[in-house]
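Below: the structure, in structure tokens.
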Amino acid sequence: MSTIVLLAVTGLGLSALYFLIASGLSLVFGLADVLNFAHGWFLTVGAYAAYWATPKVGFAGGVAAGVLAGAVVAALVELVMIRPLYQRTIAQVLVTVGLSLAGVALFQALFSPDARAFPSPKWTQQVVDLLGARVPVKSLLLIAGAVVVLAALLAFLRWTRYGLIIRAGVENREMVTALGIDVRKAFTLVFAIGGAAAGLAGALSGVYFESVTPTGGASLLIFAFIVVVIGGMGSITGSAVAAVAVGLLQQFVNYYGSAGAGDVCAVALLAIVLLARRQTRQA
Amino acid sequence: MTYLRRYWPIGAVAVLAFLPYAGISVPGVFDGPLNSPGTLQLLALCLLFGGLATGYDLLFGRTGLLSFGHALFVALGAYGADVLIGKAGLPLAVAAPAAILLGTTVAAAVGAIALRVTGIAFAMVTLAFAQVGAILAARDAWGLTGGDEGLALDVSGLPSGLVGVVNTYKLYWVSLAYLVIVMIVVRRTVSSPTGRVLAGLRDDERRVGVLGLNPYAFKLFAFVLAGALAAAGGVVHLLLVQGADPKIAGSELTLSLLVMVVLGGPGTRYGPLLGGVLYTYLDYRLTHVAGGLPGPLKQPLFVLGVVFILAVYFFPGGIAQLRLTALRRAVG
Chain A
1 MSTIVLLAVT GLGLSALYFL IASGLSLVFG LADVLNFAHG WFLTVGAYAA YWATPKVGFA
61 GGVAAGVLAG AVVAALVELV MIRPLYQRTI AQVLVTVGLS LAGVALFQAL FSPDARAFPS
121 PKWTQQVVDL LGARVPVKSL LLIAGAVVVL AALLAFLRWT RYGLIIRAGV ENREMVTALG
181 IDVRKAFTLV FAIGGAAAGL AGALSGVYFE SVTPTGGASL LIFAFIVVVI GGMGSITGSA
241 VAAVAVGLLQ QFVNYYGSAG AGDVCAVALL AIVLLARRQT RQA
Chain B
284 MTYLRRYWPI GAVAVLAFLP YAGISVPGVF DGPLNSPGTL QLLALCLLFG GLATGYDLLF
344 GRTGLLSFGH ALFVALGAYG ADVLIGKAGL PLAVAAPAAI LLGTTVAAAV GAIALRVTGI
404 AFAMVTLAFA QVGAILAARD AWGLTGGDEG LALDVSGLPS GLVGVVNTYK LYWVSLAYLV
464 IVMIVVRRTV SSPTGRVLAG LRDDERRVGV LGLNPYAFKL FAFVLAGALA AAGGVVHLLL
524 VQGADPKIAG SELTLSLLVM VVLGGPGTRY GPLLGGVLYT YLDYRLTHVA GGLPGPLKQP
584 LFVLGVVFIL AVYFFPGGIA QLRLTALRRA VG
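Note that the protein sequences, when read in sequence, are chains A and B. Note that my numbering numbers the first sequence so that position 187 is 187, with each residue one more than the last. Note that my numbering numbers the second sequence so that position 158 is 441, with each residue one more than the last.
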């Protein structure tokens, strides 16, 4: 029983990371039709910003720095790189591919390719008793972070004017444009929000893995892609549900099966969902 | 003049085939003379990636399919032949076709599922499938792949003419032969009626559907053919580097192929070949000469990534298009 609780909590911790990356990816994809390959790099930017700031301004300040760095970098990328290629979807994907390659290499040059120990505070490394299992605090921290972001995103999309524009834009971009609303402002906003969530994921991934590496974002990105496709492009709640499914499946199968089997199962789940789904949204 | 236009590729292949006999030094471009094993090895890798990029372009430039899973089929060719030679003790002449068949079969299965979605979702799904290959390779699945260290090729299963540094020139010929085969297959395919349907799919898929053709079947054909070419390239890569390691299964390989194609010129006859040769050469040379460069310029991927981004903005047609425009400007 205690093993199951432990696996569930650590699996949900992983789900939380996936959700934080997938939410931004999914919104950007739903609205702008851009498969943002550089999204994993936003996470890396956030992770290194938190790594750099934490010893100076404390853990909370470090997390804030990660979120801010992710948001600023994402907004800049949208303004400088994505926007000039308006309506050239494939070219937009290509520049994010180039950015993801160059960005990782940049961090490898600046910080060396090796992992650096993340200066996480003592309390995040402790364990607490939950239903008879000793679960790590850092997993609970991740889950809490993801729940807060999920609630904030849903509230923002539901009750604000920009949220309304984004929801309508995900449904039908042409219609929103025809109504005289500049969707491109919403693009920048969505990139910034996604970047902030990725930056938060970066800071928290530093706590979770106890280290930061230049390639950490790219390896998480692939599972975020899987989550986005399973959850349905552009749907935040879909991403949340899919993230929980993928994270739990991966953790349980990796524990009870052989190492790596959980990762393979996540992809198998994707194949099953695609085969079972009659009609997918045409991209 | 028309003869020259028509037959120059044969001349070019003849010149390339005779390179191992040319003891010329090209200072600054290659470290040793052209017939030294090190230079031939680099040239062979350049030709191999020229061929791999041309095969990938069958999907990206010719059919408009943005696949992020091409590395899976290269890895199946390399690891498949490696395991069949090393663990099953098969001779190369049996292992190589079997590995290519394996890659082709998996390409058919993956394509059949991934092509149920289109566009960007297709890219994501192919990436996810390729990731399975990368995970299996890196985690030493079934004790076959050797994990992170990779799997050295058991040379006792090879014909003795393909083993050892003194025989590098024969491996160079193998690469050249691979490139020629890929060029012929792709050329034949795109100039056939099927190729015209593929171009139609790239330009407007609905129109092909309206004509009463089944877009799914044609896309699957392109996917499977490209998968077979990739698996064959994987076998050549195995012979060239005498082993297989997880890098060949990783998404970075697919991204590199994409960069090669875009740099060279997607959908052109020689663009992907040029892009593949240039990228491989730069990737190798920048690592060797970059020691003295400051900061991020030391990283070949940083330089190549930036060049790639600039290429997308400023010459979307790639090198091939650039050459044509320059020619037209010079003529007109």
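Even for Gly, the Cβ is constructed at its ideal location relative to N, Cα and C.
query: What are the boundary residues of the alpha helix (DSSP H) that includes A505 of chain B?; result: P498 to V524
query: With 8 Å as the threshold, decide whether the Cβ of R485 of chain B is near any Cβ in chain A.; result: no
query: Using three-state DSSP, classify A295 of chain B as helix, strand or coil.; result: helix
query: Buried or exposed for V524 of chain B, going by 16 or more other Cβ atoms inside 10 Å?; result: buried
query: So does the region 424 to 435 of chain B actually touch the region 298 to 306 of chain B, counting three or more Cβ pairs closer than 8 Å?; result: no
query: Around the Cβ of Q282 of chain A, are there at least 16 other Cβ atoms within 10 angstroms (buried) or fewer (exposed)?; result: Low local confidence applies: a pLDDT of 42 at Q282 of chain A is under 50, so the model's placement there is unreliable, and no value is given.
query: Would you call the region 218 to 236 of chain A and the region 54 to 71 of chain A in contact, with 3 or more CB pairs under 8 Å?; result: no
query: Please report the Cβ distance between V468 of chain B and L522 of chain B, rounded to the nearest whole angstrom; I am assuming they are in contact, meaning their Cβ atoms lie under 8 Å.; result: Not really, about 20 Å apart at Cβ, beyond 8 Å.
query: Near L270 of chain A, what residues of its chain come up, given a Cβ to Cβ distance below 7 Å and the 5 sequence neighbours on each side ignored?; result: I226, V229 and I230
query: Counting contacts by CB-CB distance shorter than 8 Å, is M407 of chain B in contact with chain A?; result: yes
query: Can the beta-carbon of I592 of chain B be found closer than 8 Å to that of L557 of chain B?; result: no
query: Taking S263 of chain A as part of the beta strand (DSSP E), name the residues at either end of that continuous run.; result: Sequence check: residue 263 of chain A is Asp here, not Ser. No beta strand (DSSP E) contains D263 of chain A, which is instead part of the alpha helix (DSSP H) from A261 to A276.
query: Can you check DSSP and say which residues form a bridge with P442 of chain B?; result: In the DSSP output, where bridge partners are listed per residue, P442 of chain B has none listed.
query: First and last residue of the alpha helix (DSSP H) that includes R158 of chain A?; result: V137 to W159
query: Measure from the alpha carbon of A115 of chain A to the alpha carbon of each residue in A:I4, A:Y255, A:F252 and A:V212, then state which is nearest.; result: A:V212
query: Can you tell me the Cβ-Cβ gap for L99 of chain A and V77 of chain A, rounded? I've got them flagged as a contact below 8 Å.; result: 7 Å
query: Suppose only complete runs of 4+ residues qualify. What are the alpha helix (DSSP H) ranges in the region 57 to 141 of chain A, listed by chain order?; result: 89 to 111
query: For the putative contact between A206 of chain A and Y51 of chain A, defined by C-beta atoms under 8 Å, what is the C-beta separation to the nearest angstrom?; result: Contrary to the premise, residue 206 of chain A reads as Gly rather than Ala in this sequence. Rounded, the Cβ-Cβ distance is 6 Å, consistent with contact.
query: Determine which residues of the region 249 to 261 of chain A have a Cβ less than 7 Å from any Cβ of chain B, and write them out in chain order.; result: A259 and G260
query: Let's see if you can read the secondary structure: which residues bound the alpha helix (DSSP H) around Y304 of chain B?; result: Y304 of chain B -> no alpha helix (DSSP H), and no H or E assigned at all.
query: Compute the Euclidean distance between the alpha carbons of G492 of chain B and A32 of chain A, then round it to the nearest angstrom.; result: 26 Å
query: With distances taken Cα to Cα, identify the nearest neighbour of V590 of chain B among B:Q604, B:N450 and B:D566.; result: B:D566
query: Report the three-state DSSP secondary structure of L436 of chain B (helix, strand or coil).; result: coil
query: Who are the near neighbours of E488 of chain B in its chain, counting only those whose CB is closer than 7 Å to its CB and skipping five residues on each side?; result: P498
query: What in chain B is Cβ-close to D263 of chain A, meaning under 8 Å?; result: Q414, V415 and I418
query: Would you verify that the beta carbon of A283 of chain A is, or is not, closer than 8 Å to some beta carbon of chain B?; result: Its pLDDT being 38, under 50, A283 of chain A is placed unreliably by the model, and nothing is read from it.
query: Could you confirm whether any beta carbon from chain A is found closer than 8 Å to the beta carbon of A404 of chain B?; result: yes
query: For I4 of chain A, does the count of other Cβ atoms within 10 angstroms reach 16, so buried, or fall short, so exposed?; result: exposed
query: Ends of the alpha helix (DSSP H) at M407 of chain B?; result: G402 to A421
query: Buried or exposed for I312 of chain B, going by 16 or more other Cβ atoms inside 10 Å?; result: The displayed chain sequence assigns Val, not Ile, to residue 312 of chain B. The residue is exposed, with fewer than 16 neighbouring Cβ atoms inside 10 Å.
query: Can you name, in chain order, every residue of its own chain whose Cβ lies under 7 Å from the Cβ of A397 of chain B, other than the five neighbours on each side?; result: F405, V408, T409 and F412
query: Have a look at A152 of chain A and A421 of chain B and give me their C-alpha separation to the nearest angstrom.; result: 38 Å
query: In chain order, what residues of the region 19 to 46 of chain A put their CB closer than 9 Å to some CB of chain B?; result: F29, D33, V34, L35 and F37
query: Going by C-alpha to C-alpha distance, which of B:G588, B:Y553, B:T551 and B:R552 sits closest to L569 of chain B?; result: B:G588
query: List the residues of chain A whose Cβ lies closer than 7 Å to the Cβ of F585 of chain B, in chain order.; result: A102, A105, L106 and A109
query: For chain A, check one thing: does any of its Cβ atoms lie closer than 8 Å to the Cβ of S534 of chain B?; result: yes
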